[in-house]
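To start, the structure itself, in structure tokens.
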Amino acid sequence: MSGNFLTIPGDDSIQRRSRSSSLTDLITAFDTKAQAHSELQKVTAFSGHFDKNHKPTFSKDEYGKPIPGSKTEYRGAEAQARVCTEMKELCEIINEYGKTPCKSLLPPELKSATKVISFGELFTIYTVISDKLVGILLRTRKHQLTFFEGEVLFQKRDDDVPVFLMQPMEDIRAYCDNKALQARRSVSPMPN
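Using the UniProt record's numbering, the letters of the sequence shown map in sequence onto residues 1 to 192.
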């Protein structure tokens, strides 16, 4: 038996060569990954190997975004999908507990409103479910699913402010489900 640990009695040289080349491929792949990790550590400010002299270059599209395929990108997409789900849940609550507004009393920009509920009543109902009511309300307004007067609503001060649901619930469900699906599809599966 020779000094090569890959030599097995009875193996011919072709099998030894294929085992040797597959091991070489594995070592090469590991070295490549280790080198890429070392380079990443040089640009990561929180690593012990941060190189202050290294100036990373980003395009306008890449700046402020996580590295494609990273866990950060995956977690961000999951968070975005979760927010879409919370927006849908909030709209479901407004739809369930809100009243149908009198269309003749509404200004023209609110004629499409389907339900209305006071912020105080919504706050009382929703805080049992989540403590993020104001943030989710702002997000639903940004997506034109709800409408309310003012920049931000505060408990007690704004209890009488009406919150309008601006679209039929079926449309809101489809919109939020589509947004959540887009967020999840925008990234590759969870990296290792």
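Beta carbons are placed, not taken as given, at the ideal position from N, Cα and C, and that holds for glycine.
Chain B contact for residue i (CB, 8 Å cutoff)
i, result
"Met169", "Absent here is chain B; the protein component of the structure consists of one chain."
Sub-8 Å separation of residue i and residue j beta-carbons
i, j, result
"residue 194", "Thr146", "The structure shown does not extend to residue 194, since the chain spans only 1 to 192, so no value can be given for it."
"Gln167", "Thr85", "no"
"Ser118", "Asp160", "yes"
"Thr57", "Phe50", "no"
"Thr127", "Leu133", "yes"
"Met169", "Cys102", "no"
"Lys42", "Ile172", "no"
"residue 195", "Val163", "Here the chain covers residues 1 to 192 and nothing more, so residue 195 does not appear."
Start and end residues, beta strand (DSSP E) containing residue i
i, result
"Val116", "Lys115 to Ser118"
Secondary structure of residue i, DSSP reduced to three states
i, result
"Val187", "coil"
"Val134", "helix"
"Pro162", "strand"
"Phe147", "strand"
"Asn178", "helix"
"His49", "coil"
"Leu105", "helix"
Residue i CB to nearest heavy atom of the ligand HEM below 7 Å
i, result
"Glu96", "Absence of the ligand HEM is noted for the structure shown, with no ligands found whatsoever."
Status (buried if at least 16 other CB within 10 Å, exposed otherwise) for residue i
i, result
"Ala174", "exposed"
"Gly64", "exposed"
"Thr24", "exposed"
"Ala29", "exposed"
"Ala36", "exposed"
Range covered by the alpha helix (DSSP H) that runs through residue i
i, result
"Leu90", "Lys71 to Tyr97"
Any 3 or more C-beta pairs closer than 8 Å across the stretch 175–185 and the stretch 75–89: A contact exists between the stretch 175–185 and the stretch 75–89.
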